[in-house]
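Protein chains in written order, with the numbering used here: chain A, 12 to 282; chain B, 12 to 282.
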């Protein structure tokens with residue numbers, strides 16, 4: 012194999028790190044791939060790391076110790092987070108998004124991969140230190156955001172269903188209170204979660220918090236520990252939610268009576 | 012601003028291209044960001060492009076013309092595609108995946124972000140030239156793969172629902188035949204698709220093809236054109252599917268009677 016110059020290594024190195032967010036790569040892995048010395052690969056990594064820091068593209072960090080190496084985390088700066096949430100609030104307050112019953116039409120935005128990824132980056136950044144083993148969501152609208160959060164954390168996504176389908180095998184079912192009144196069912200394949208695992212719960216929308224509390228109850232059935240609850244949008248009212256300690260990125264205050272536009276803004280901690 | 016050296020540009024340039032697959036960036040965009048001449052940025056792009064080609068990391072290509080520039084497409088080589096599908100077939104034939112009724116348990120694999128991304132890369136590569144405006148899937152299990160396919164194509168994802176929910180506004184509903192016998196309902200928000208758009212249909216599993224044909228019928232209601240139908244796994248039987256021209260990545264032949272292991276392999280065109 013020809014000797015590979017630094018200029019030719021940097022693109023590949025960047026791609027390999029970004030492709031697997033939060034996964035630790037050993038220097039040896041890159042030494043073998045590029046036929047380069049450790050000190051050389053180390054300098055390459057410093058260059059990519061500086062480049063990312065300069066342009067607010069996330070963090071390349073070296074992890075010390077026996078299981079050490081280098082990893083990429085898509086941690087957005089405070090300014091970038093604010094910019095992303097502001098832009099989203101503007102889009103969500105476009106006219107025509109108010110639906111009968113005071114609901115907000117968000118399906119076009121929640122299933123955009125770029126938006127889901129941006130949300131996933133912000134949510135993951137908040138929960139790295141809780142070390143979840145998996146992300147849990149309830150079908151359907153939260154799946155893209157939950158998947159991207161799981162991707163950024165390098166953990167599996169687990170999807171609770173409205174009913175237990177034949178192709179999921181034996182399942183645990185619970186009842187929960189949705190929309191303040193209706194009793195609904197949520198099911199999860201028995202093999203999806205192991206006892207003692209740490210769950211991060213992610214969903215797109217929280218009004219009363221009943222669905223999220225249902226997911227908390229479901230995790231209790233599996234003897235799993237809930238280490239965080241994150242949602243894209245929470246309504247300002249009711250102030251008291253069925254679930255405790257959920258973190259929202261955006262707060263929906265209500266709708267302008269004349270225009271029907273949503274009044275929505277980033278949550279206080281992001282202001 | 013200090014002058015930014017090539018070594019410091021390459022990491023950022025790579026990240027910005029990969030972050031937005033299939034999106035065309037103008038050279039001017041990078042010239043402004045890096046304070047560099049067009050010829051310099053052009054050389055940078057060539058370096059990243061060579062690095063990607065050498066390590067089978069996808070394609071960085073220059074697009075000529077008035078709307079021209081440079082874009083990243085995650086096109087895996089034939090060898091890489093084969094390797095990904097072989098590994099997946101091995102995992103799917105692990106013991107214990109056969110469920111009552113001859114179903115295959117795949118939820119753990121279909122909702123892994125890395126697997127969904129690998130599937131999305133292979134599926135997108137097949138449909139770039141059909142220029143879909145959006146990817147359509149039916150909730151729930153196909154969503155991660157469909158989302159990643161949409162991400163690679165840089166188009167929105169549209170999710171058909173089992174029922175029309177209050178928070179989606181007015182919807183189009185159709186009936187379709189699932190599992191060869193049952194009549195089921197599929198719904199999609201009226202505002203989700205515009206007349207004349209091109210749809211790429213993606214799902215995780217095809218047995219009879221009824222659900223996929225339902226999505227084709229649904230697109231007819233919206234006067235949208237279906238430019239492709241792609242699935243992760245198709246069963247070998249029934250040979251005749253309700254939907255025409257679907258492309259599968261993997262073929263499920265059946266299950267070993269003694270062990271219950273799935274007999275599954277890459278589709279012929281990938282062998």
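Beta carbons are placed, not taken as given, at the ideal position from N, Cα and C, and that holds for glycine.
Leaving out five residues on either side along the sequence, give the residues of the same chain with a beta carbon under 6 Å from the beta carbon of residue 109 of chain B. Residue 109 of chain B sits at position 98 when you count from the first residue of the second chain. Contacts found: 266, 271.
Name, in chain order, the residues that DSSP records as bridge partners for residue 277 of chain B. Position 266 of the second chain, counted from the start, is the residue given in the question as residue 277 of chain B. Paired residue(s): B:261.
Could you tell me the distance, in whole angstroms, from the CA atom of residue 260 of chain A to the CA atom of residue 100 of chain A? Here residue 260 of chain A refers to the residue found at position 249 when the first chain is read from its first residue. Here residue 100 of chain A refers to the residue found at position 89 when the first chain is read from its first residue. Their backbone Cα atoms lie some 10 Å apart in a straight line.
Between which two residues does the beta strand (DSSP E) containing residue 35 of chain A stretch? As a working mapping, residue 35 of chain A is identified with position 24 in the first chain. It is not in any beta strand (DSSP E) - residue 35 of chain A carries neither H nor E in the DSSP assignment.
When the distance is taken between beta carbons, is residue 189 of chain A closer than 7 Å to residue 153 of chain A? Walking along the first chain from the start, residue 153 of chain A turns up at place 142. Walking along the first chain from the start, residue 189 of chain A turns up at place 178. Contact flag unset, no.
With distance defined between alpha-carbon atoms, name the residue in A:82, A:141, A:89 nearest to residue 238 of chain A. If you number the first chain from 1, residue 238 of chain A lands on position 227. The shortest Cα separation from residue 238 of chain A among A:82, A:141, A:89 belongs to A:141.
Opening and closing residue of the alpha helix (DSSP H) in which residue 89 of chain A lies: Your numbering for residue 89 of chain A matches position 78 in the first chain. 89–103 is the span of the alpha helix (DSSP H), which, as asked, contains residue 89 of chain A.
Let me confirm a value: residue 132 of chain A is counted as buried when at least 16 other C-beta atoms fall within 10 Å, else exposed. Which label applies? Position 121 of the first chain, counting from 1, holds the residue named residue 132 of chain A. With 16 or more Cβ atoms within 10 Å of its Cβ, residue 132 of chain A is classed as buried.
What ranges does the alpha helix (DSSP H) occupy inside the stretch 195–243 of chain A, keeping only unbroken runs of at least 4 residues that lie completely in it? Segments of the alpha helix (DSSP H) lying fully in the stretch 195–243 of chain A: 221–232.
Under a Cβ-count criterion, where at least 16 other Cβ atoms within 10 Å of its own Cβ denotes burial, should residue 16 of chain A be classed as buried or exposed? Taking the first residue of the first chain as position 1, residue 16 of chain A is located at position 5. Burial call: exposed.
Counted within 10 angstroms of its Cβ, other Cβ atoms place residue 124 of chain A as buried (16 or more) or exposed: Locating residue 124 of chain A in the first chain gives position 113, where the first residue counts as 1. Result: buried.
Judging by CA-CA distance, which residue of A:93, A:33, A:59 is the nearest neighbour of residue 279 of chain A? Numbered from its first residue, the first chain carries residue 279 of chain A at position 268. Closest by alpha carbon: A:93.
Alpha-carbon spacing of residue 107 of chain A relative to residue 170 of chain B, whole angstroms: As a first step, residue 107 of chain A must be located in the first chain, where it is residue number 96. As a first step, residue 170 of chain B must be located in the second chain, where it is residue number 159. If you take the alpha carbons of residue 107 of chain A and residue 170 of chain B, they lie about 20 Å apart.
Is the Cβ of residue 167 of chain A closer than 7 Å to any Cβ of chain B? Locating residue 167 of chain A in the first chain gives position 156, where the first residue counts as 1. Chain B, which has a Cβ nearer than 7 Å to the Cβ of residue 167 of chain A, makes this yes.
On the criterion of 16 or more Cβ atoms from any shown chain inside 10 Å, does residue 26 of chain B qualify as buried, or is it exposed? If you number the second chain from 1, residue 26 of chain B lands on position 15. So residue 26 of chain B ends up on the buried side.
In terms of residues, what are the limits of the beta strand (DSSP E) holding residue 183 of chain A? The residue given as residue 183 of chain A occupies position 172 in the first chain. Where residue 183 of chain A is concerned, the enclosing beta strand (DSSP E) stretches over 182–189.
Whole-Å CB distance - residue 205 of chain B paired with residue 182 of chain B, under 8 Å assumed: For the purposes of this step, residue 205 of chain B is taken as the residue at position 194 of the second chain. For the purposes of this step, residue 182 of chain B is taken as the residue at position 171 of the second chain. About 15 Å; that fails the 8 Å criterion.
Sort out for me which residues DSSP pairs residue 147 of chain B with in a bridge. Taking the second chain and counting its residues from 1, the one referred to as residue 147 of chain B is at position 136. Residue 147 of chain B is bridged to B:169, B:212.
Closer than 7 Å by C-beta to residue 96 of chain A: which residues in its own chain qualify, once you throw out the five before and the five after it? Chain order, please. As a first step, residue 96 of chain A is located in the first chain; it is residue number 85 there, counting from the start. Here the set comprises 260, 261, 277, 281.
So what does residue 246 of chain A bridge to, in DSSP terms? Numbered from 1 along the first chain, position 235 holds the residue referred to as residue 246 of chain A. BP columns for residue 246 of chain A point to A:263.
Rounded C-beta distance between residue 104 of chain A and residue 274 of chain A? I'm assuming under 8 Å. The residue you call residue 104 of chain A lines up with position 93 of the first chain. The residue you call residue 274 of chain A lines up with position 263 of the first chain. With a Cβ gap of about 7 Å, residue 104 of chain A and residue 274 of chain A count as contacting.
Does DSSP classify residue 66 of chain B as helix, strand or coil? Residue 66 of chain B sits at position 55 when you count from the first residue of the second chain. Here residue 66 of chain B sits in coil by DSSP.
Specify the secondary structure class of residue 117 of chain B as computed by DSSP and reduced to three states. Here the question's residue 117 of chain B lines up with position 106 in the second chain. Here residue 117 of chain B sits in coil by DSSP.
Specify the secondary structure class of residue 254 of chain B as computed by DSSP and reduced to three states. Stepping through the second chain from its first residue, residue 254 of chain B is reached at position 243. Reduced to three states, the DSSP call for residue 254 of chain B is coil.
Between the stretch 33–46 of chain B and the stretch 73–82 of chain B, do three or more beta carbon pairs fall short of 8 Å? Segment contact: the stretch 33–46 of chain B against the stretch 73–82 of chain B, three or more CB-CB distances shorter than 8 Å; contact assigned.
With DSSP run on the structure shown, which of helix, strand or coil describes residue 153 of chain B? The residue you call residue 153 of chain B lines up with position 142 of the second chain. Coil.
Does DSSP put residue 272 of chain A in a helix, a strand or coil? Along the first chain, one-based indexing puts residue 272 of chain A at 261. Coil.
Can you confirm whether residue 61 of chain A, when its beta carbon is compared against all beta carbons of chain B, has any partner nearer than 7 Å? Reading the first chain from its first residue, position 50 is the one you call residue 61 of chain A. Yes - at least one Cβ of chain B is within 7 Å of the one on residue 61 of chain A.
Where residue 20 of chain B falls: helix, strand or coil (DSSP): By one-based count along the second chain, residue 20 of chain B stands at place 9. Helix, per DSSP.
Are residue 147 of chain B and residue 243 of chain B touching if we call contact CB-CB under 7 Å? Counting from 1 along the second chain, the entry for residue 147 of chain B is found at position 136. Counting from 1 along the second chain, the entry for residue 243 of chain B is found at position 232. Their beta carbons are not under 7 Å apart, which means residue 147 of chain B does not touch residue 243 of chain B by this criterion.
Under 8 Å by beta carbon: chain B residues contacting residue 155 of chain A: Here residue 155 of chain A corresponds to residue number 144 of the first chain, with the count starting at 1. What residue 155 of chain A touches in chain B: 154, 158, 168.
Residue from B:235, B:215, B:230 whose Cα sits closest to the Cα of residue 258 of chain B: Taking the second chain and counting its residues from 1, one reaches residue 258 of chain B at position 247. Of all alpha-carbon atoms in B:235, B:215, B:230, the one lying nearest the alpha-carbon of residue 258 of chain B is that of B:215.
Please state whether the Cβ-Cβ distance between residue 19 of chain B and residue 224 of chain A is less than 7 Å. Residue mapping note: residue 19 of chain B aligns to position 8 of the second chain, counting from 1. Residue mapping note: residue 224 of chain A aligns to position 213 of the first chain, counting from 1. No; because the gap between Cβ atoms is not below 7 Å, this pair is not in contact.
Residues bridged to residue 138 of chain B [DSSP beta-bridge criterion]: If you number the second chain from 1, residue 138 of chain B lands on position 127. The partner list for residue 138 of chain B (beta bridge, DSSP) is empty, contrary to what the question assumes.
When burial is assigned at 16 or more other CB atoms within 10 Å of the CB, is residue 255 of chain A buried or exposed? Start at 1 with the first residue of the first chain, and residue 255 of chain A comes out as number 244. An exposed status is given to residue 255 of chain A, since fewer than 16 other beta-carbon atoms sit within 10 Å of its beta-carbon.
Take the Cβ of residue 161 of chain B as the centre, count every other Cβ of all protein chains shown within 10 Å, and call the residue buried at 16 or more, exposed below. For the purposes of this step, residue 161 of chain B is identified with residue 150 of the second chain, where counting begins at 1. Buried: at least 16 other Cβ atoms inside 10 Å.
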